[in-house]
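These notes concern the structure reproduced below.
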Amino acid sequence: MKPAPLTQKHKKALSATTKRMYEYLLQGNSLTALDGVQLFGCLCTTQRLGELRRIYGVPIYGDYFFTSNGKRLKRYYLDADYIKQHQNSKNRPWDTSQNTNPANDQ
Numbered sequence: 001m002k003p004a005p006l007t008q009k010h011k012k013a014l015s016a017t018t019k020r021m022y023e024y025l026l027q028g029n030s031l032t033a034l035d036g037v038q039l040f041g042c043l044c045t046t047q048r049l050g051e052l053r054r055i056y057g058v059p060i061y062g063d064y065f066f067t068s069n070g071k072r073l074k075r076y077y078l079d080a081d082y083i084k085q086h087q088n089s090k091n092r093p094w095d096t097s098q099n100t101n102p103a104n105d106q
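For the sequence shown, UniProt numbering assigns the number 1 to the initial residue and increments by one for each residue that follows.
Now the structure itself:
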């Protein structure tokens with residue numbers, strides 16, 4: 001079953017935590033689920049990053065790595081080219097007048 005198309009209502013529902021995570025990634029930092037809890041008090045970091053991907057088309061990448069005690073974690077980050085393009089811009093993906101993600105215009 002195909003999910004319902006996203007509307008302006010969905011686009012305006014972005015939380016302050018998600019926006020802070022985006023700004024953190026835009027500074028060139030990477031983020032793990034554990035970082036999300038420690039830095040932002042968010043227990044569902046992957047869900048918030050998924051919102052940025054699905055609703056706003058932000059290209060968030062992830063790589064697995066192993067900690068010193070052998071645990072596998074996923075580190076999320078933005079591509080360096082995306083950071084260069086958007087870092088000094090005042091426009092953010094959730095600014096509805098600037099959002100041109102064609103996947104959401106269905």
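Virtual Cβ for every residue (Gly too), placed ideally from N, Cα, C.
**Report entry** Segment contact, 8 Å Cβ cut-off, at least three pairs: the stretch 71-91 with the stretch 21-36
**Finding:** yes
Query raised in the report: Count the other CB atoms within 10 Å of the CB of threonine 67; is the residue buried (16 or more) or exposed (fewer)?
Result: exposed
Query raised in the report: Quick one: what's phenylalanine 40 bridged to in DSSP?
Result: Paired residues: none, contrary to the question.
Report task. Might you give, ordered along the chain, the residues of its own chain that have their beta carbon closer than 6 Å to the beta carbon of tyrosine 64, omitting 5 neighbours on each side? Result -> Arg72 and Lys74
Query raised in the report: When you compare each of Ala80, Lys90, Ser15 and Ala16 to glycine 28 by their alpha carbons, which one comes out closest?
Result: Ala80
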